[in-house]
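In this note's numbering, the protein residues as written are 313 to 423.
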């Protein structure tokens with residue numbers, strides 16, 4: 313069942329509250345099965361030609377490969393950054409029960 317293949321999306325947020333708000337929207341819309349909101353980390357990057365150092369909250373979204381396109385689109389719409397870093401990958405080595413759970417939690421999006 314290729315639709316049940318797992319995928320992960322990584323995305324940093326400016327603060328824990330915005331990470332929770334967006335995660336709740338994505339859960340309500342059945343685009344994700346879970347959002348792991350991880351602790352604060354330091355991001356060092358260049359933006360508009362200037363070096364920046366910011367504290368961010370990372371979120372790892374668990375979903376299915378079949379939801380990735382819609383999830384990336386919706387995440388970009390809900391995110392507080394103008395240009396959020398949204399990076400995803402397929403997870404070929406997923407335990408069958410985990411893949412089944414992901415599929416079950418996100419299935420109403422497909423119906």
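The C-beta atom is built at its ideal place from N, Cα and C for all residues, glycine as well. The structure displayed is predicted, hence computed values, not measured ones.
Tell me which residue opens and which closes the alpha helix (DSSP H) that residue 326 is part of. Here residue 326 belongs to no alpha helix (DSSP H), and DSSP marks it neither H nor E.
Going by DSSP, what residue range makes up the beta strand (DSSP E) through residue 376? 362–376
Beta carbon of residue 332: closer than 8 Å to some heavy atom of the ligand ZN? This structure lacks the ligand ZN, and indeed carries no ligand of any kind.
Cα-Cα, which of 399, 394, 332, 368 is closest to residue 322? 399
Could you pull the start and end residues of the beta strand (DSSP E) that residue 347 belongs to? 346–359
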